[in-house]
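> First the structure, then my questions, so here it is.
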Amino acid sequence: MEKTIIDIIGWIGTILFLVAYALVSAKKVEADSWSYQGMNLIAGIFLTINTLYLQAYPSAGLNIAWLLVAVVTLGRKYLKQT
């Protein structure tokens with residue numbers, strides 16, 4: 054059961070990454086928008102959980118880097134507003 058939940062989390066993360074990328078490519082959202090970066094953040098967290106569970110450390114490293122980019126971008130955006 055645990056592996057099934059981890060797999061579902063991984064698939065949700067994958068779908069979020071793809072939806073975010075498609076939206077930016079279709080110019081429906083901006084690359085620094087809250088929605089795009091938020092989707093990347095959540096997707097990065099979900100895929101990090103999945104890849105760490107599967108002990109796929111190179112993929113986990115990439116996903117951690119991806120979610121850190123989202124955190125930094127969202128942090129800068131937040132600080133600009135205040």
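Residue numbering for the sequence shown follows our numbering, beginning at 54 and increasing consecutively. Beta carbons are placed, not taken as given, at the ideal position from N, Cα and C, and that holds for glycine.
Are the beta-carbon atoms belonging to residue 92 and residue 73 less than 8 Å from one another?
yes
> Compute every distance between the C-beta of residue 118 and the non-hydrogen atoms of the ligand ADP, then say whether any falls below 7 Å.
Although the ligand ADP was asked about, the structure shown includes no ligands whatsoever.
> Can you give me the start and stop residues for the alpha helix (DSSP H) that residue 14 sits inside?
It is not possible to answer for residue 14, since the shown part of the chain is limited to 54 through 135.
> Buried or exposed for residue 135, going by 16 or more other Cβ atoms inside 10 Å?
exposed
> Helix, strand or coil for residue 130? Go by DSSP, reduced to three states.
helix
> Leaving out five residues on either side along the sequence, give the residues of the same chain with a beta carbon under 8 Å from the beta carbon of residue 59.
102, 103, 106, 107
> Roughly how many angstroms lie between the CA atoms of residue 130 and residue 56, to the nearest whole one?
36 Å
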